[in-house]
Structure formats: structure tokens, C-alpha cells
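The structure appears below as C-alpha cells.
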Amino acid sequence: MLKKWNFVIALMVVCNLASAQVVFNSLEDAWRYADLHNVNIRTAHFEISKSVYARKQTAGALLPQVAATGSYTDNINLQTTLIPGELLGGPPGSYKELQFGTQYAYAGGINAQLNLVNLQNWFNLKIAKQTEEINKDSLANTRKAIYQQVATQFYSYLLMEEAARLAVQTALIADSVYQTAENKFKEGGANGGDVDLAKLNLERAQQSQITADYQAIIARNNLKSLLGMSAADSLGILATMNGSLNSVSNGSFSEDPSLRIALLKTEMNLTQVHAANGQFAPTLALVYNAADQRFDQKFEPLSNFSGTAGWLPSQYWSLQLSVPIFTGGSRLFQSRRNKIAYDESVMQYEIAQKQSAINDENIRLNYQKAAAVLSKSEDVMNLSFDNFSHISDRYMEGIAPLDDRLNAFKDYIDYQNQYLNSLSDLLVQLYQVKIRQVNFND
């Protein structure tokens, strides 16, 4: 049954690789694919594009604002005005009811305004530029997070492939040991406990193989999800464990995107402090207006002239000064709030700088530790297998008892699991180092 299962799994892998449309030879290949297809990274690009237009929109406030106006009025009932009768030859104390104006009135013109002094517009533009820069670094931070997730699934797949390889070898040996123990039991040279222990070792090896095979498939599916692929899309991973372990370089660490975001937020908070203080400054605007009006008793809006009513032009320009005097203290409180937010961001940035340096040092140390531990774990596993081989030879010669052989094989399985745990830890530390060497602002 196990051999049939191995054949099915192998056939699935071969068929998958043969029809694969996307093939990764290294973790870097998967990262480059994620840059183009991961939904979070693509969304971050959209946010940058939106911030670019937001900056341009803010810059438009510095340009002259020009508006064309037009109106049409139909005075259905003209307003009545009381005029002293004496002005029209009437008796003193009397009034005449008169209506002034025409039934129809038309107006059209152009109004232009240019803010000569308005600090808020300049500060808003600076904040918009800083927001654009933050969104660019947010993209870098998003790429870093996605790279970590991709690396986790990529190396999980390689780890499960290695675990499956070892499990297959172990299962073959365990099956041989079990057959030997069962034969010995039938011959009366072994007890039932020995057979059960041999069977237990075989079941453990087969269980490890099944788990590794399924976990490899799950890791590949998770990788597809991160890369914007569907379950039906083919994905081939041709990277090897040895090649991946030897792919780390001694390059220096790049700037942490999250640290740069903290710096940019600190700078933007300072700008907001200046903007809040700028609310106390006066504003000065240049205004120009040109208009034409027309009054008529007939509805002839397209006529240049009708009766005695022609188009009456008017023009003016003015300087409009506004000086804030009292607004209930809201501007003062806003300024103080922004100052507190700035002081807080400065503190957080300084702490982030120190923490980032410590984290980088720990990443290096953890990688060195994991590499050293893996080397020892591999040595112990190999020595354990050698010990099992020696005891097996002594058993075949009739020198060592079956118990020694079974216990040595059990120890080998335990040390093999320790090796896989050490390998898993090294792979995690490996991609942490590789990620810190990537310049995400490129």
C-alpha cells in the first residue's frame, strides 16, 4: 500500500512539473513574481498613484481660481416701493406705490482670485508631498511583509520535500527491520514487544512521509494564493535544499522600510505643527471681476439690444485681507495637539532606531546559531544512523540482540526529527537575513 502511495505522489509531482507554466528556480524568482502579481503589492502601487494626484490637486490651490458666472431672473411681480407723495406733487404725508425695474434681468461675468499670502496652502502642499513619500515607503514595507510570507511557504515546501525524502528512506529501513523482527518472532527468537516496537517505528516513518507529502502540497497552494494564482494554475519549484542553504551572501543590511516610515511620519507631524501655527497668520488675495448685466421687458436673452435695455458692463479688482483675531481658542488647541503628536513621533522614531539595530544584530546571531546547531544535528543524525548500521551488522552476526537494533533505530528516528527541526529553524533565519539584504525602495 505504501509503495502504491509513493508511486501516486511521484506521478502527481512529475505531471505537475511537466505541465508547469510558472517555474521557480530560487526564492528570488518567487519574490520577483510576487512583485508583479501579489494583490497587496499591487494595491500599494494604486495608493501611490492616488497620492500623486492628491499632491497635484493640492498644488492647484496655489494657482489662480477662475470662475464664469451667469444668471437669469424673471421678476413675476416687481417689488413695490412707497415714495413720499410730496416728491410727485402730492399732499404732504401721502405716499405713492411705485414699482421699479424690468421683468427680465440677465447677468454674466468672470471672477478670478489669486491667493498672494496663504500659508495653509503651502503647508498642505508639503504635507501632500510627504504623504506621497510615505506611500512609497509603505509599498516597500508591504513588499517586505509579502516577501516574508512567500519565503515561509517556499521554504516550507523545500523542508517538506526533504522530510519526505528522509521518511521514504526511513520507511524502507523500518519495513526491513519489521520483517526481520516478525520472522524472529515466528521462529521464537523475539517476543511480541519487539515486534510491536518494530511495527511502531514503521508506522511513525509512514506517518511522517504522508504528513510531509500533504504539507508540501499545502505549502505550494499557499504560495499560489500569495502569488495571485488559482488552484488550477500549475506551479513548479525546482529549487534544491542545498542550493537554498548556500544562497545567502555576506552583504550588508539595507535600510528598514518601517524605520524610514517612522522618520517620514515624524517630519510630517512637524509640518502639521507649522501648519497649525500658520493658521494665526493673515491671508491676502487678489480678486478681479468683470461682468455684464442687462434688463428688459421682453424675453430676448440672445438679442444684443432690445428697446432701451442694453448690456451694462462693470469691472473691478480688489485686495482682500483677512486677519484671524478670535476663533474660540480652537486654533491654539489644535497647535498644541499637533506639538504633542510631534514629540510622541520623535520618541517613537528614536526607540525604533535602537530596536532596529538590536533586531539586526539578533538576526545575524540567530542565523549563526541556527547554522551551527544544524551542523551538529546533522552530525548527530548521521552518527545515529552509523550506530544503527553497526548494531545491525552485529545483530546479523548474532552478537547484538534485537532489542539493541530496535532501540538504535528508534533513536535514529528521534535524531532525524531533531535534524528537521534544526533545518526548519535555519530556513527561517536564512530568509530573515536575505530579506534584510533587499533594498525594497529599488
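Okay, so the sequence shown: first residue is 311 according to the working numbering, each after it adds one.
Cβ atoms here follow ideal geometry from the backbone N, Cα and C, with glycine treated the same way.
The residue among 695, 672, 647, 563 with its C-alpha nearest the C-alpha of residue 746 is 563. Annotated as proximal: residue 624 and residue 602, with beta-carbon spacing under 9 angstroms. By the C-beta density criterion, residue 633 is exposed, having fewer than 16 other C-beta atoms within 10 angstroms.
Taking a contact as a CB-CB distance under 8 angstroms, the pair residue 477 and residue 519 counts as one, their CB atoms being some 4 angstroms apart. In the structure shown, residue 351 adopts helical secondary structure according to DSSP, grouped into three states.
With a 10 Å radius around the Cβ and a threshold of 16 neighbouring Cβ atoms, residue 706 comes out exposed. Approximately 12 angstroms separates the beta-carbon atoms of residue 497 and residue 505; this is outside 8 angstroms, ruling out the contact. When DSSP states are grouped into helix, strand and coil, residue 537 belongs to the coil group. Around the C-beta of residue 446, 16 or more other C-beta atoms lie within 10 Å, and the residue is accordingly described as buried. Counted as a single uninterrupted DSSP element, the stretch harbouring residue 560 is not any beta strand (DSSP E), since DSSP gives it neither H nor E. The continuous stretches of alpha helix (DSSP H) do not include residue 543, and DSSP gives it neither H nor E. Inter-residue distance for residue 376 and residue 394 is about 45 angstroms (C-alpha atoms, whole angstroms). Between residue 333 and residue 553, the C-beta spacing is not below 9 angstroms. Distances from the alpha-carbon of residue 626 to those of 596, 351, 432 put 596 closest. Fully contained in the segment 636–665 is no beta strand (DSSP E) run of length 3 or more.
When 467, 642, 411, 351 are compared, the shortest CA-CA separation from residue 538 is found for 351. Three or more beta-carbon pairs drawn from the segment 685–694 and the segment 719–733 are found closer than 8 angstroms, and the two stretches are therefore classed as touching. The criterion of a C-beta distance shorter than 9 angstroms is satisfied by residue 412 and residue 605. For residue 409, the enclosing beta strand (DSSP E) stretches over residues 405–409. It is roughly 50 angstroms from the alpha-carbon of residue 740 to the alpha-carbon of residue 588. By the criterion of a C-beta distance shorter than 8 angstroms, residue 471 is surrounded in its chain by 522, 526, 551, once the five residues flanking it on both sides are discounted. For the pair residue 340 and residue 453, the CB atoms are not nearer than the 9 angstroms cut-off. Residue 499 sits in coil when the DSSP states are folded into three classes, being neither helix nor strand. Selection 675, 516, 405, 460 evaluated against residue 484 yields 516 as nearest (Cα-Cα). Rounded to whole angstroms, residue 701 and residue 457 show a C-alpha spacing of 47 angstroms.
Within the segment 549–600, no run of beta strand (DSSP E) reaches 3 residues while sitting entirely inside it. The shortest C-alpha to C-alpha distance from residue 744 to any of 730, 677, 714 is the one to 677. In the structure shown, residue 370 adopts helical secondary structure according to DSSP, grouped into three states. Our two residues, residue 374 and residue 593, have alpha carbons roughly 15 angstroms apart in a direct line.
For residue 444, the three-state secondary structure derived from DSSP is helix. Within a 10 Å sphere around the beta-carbon of residue 585 sit 16 or more other beta-carbons, which makes this residue buried.
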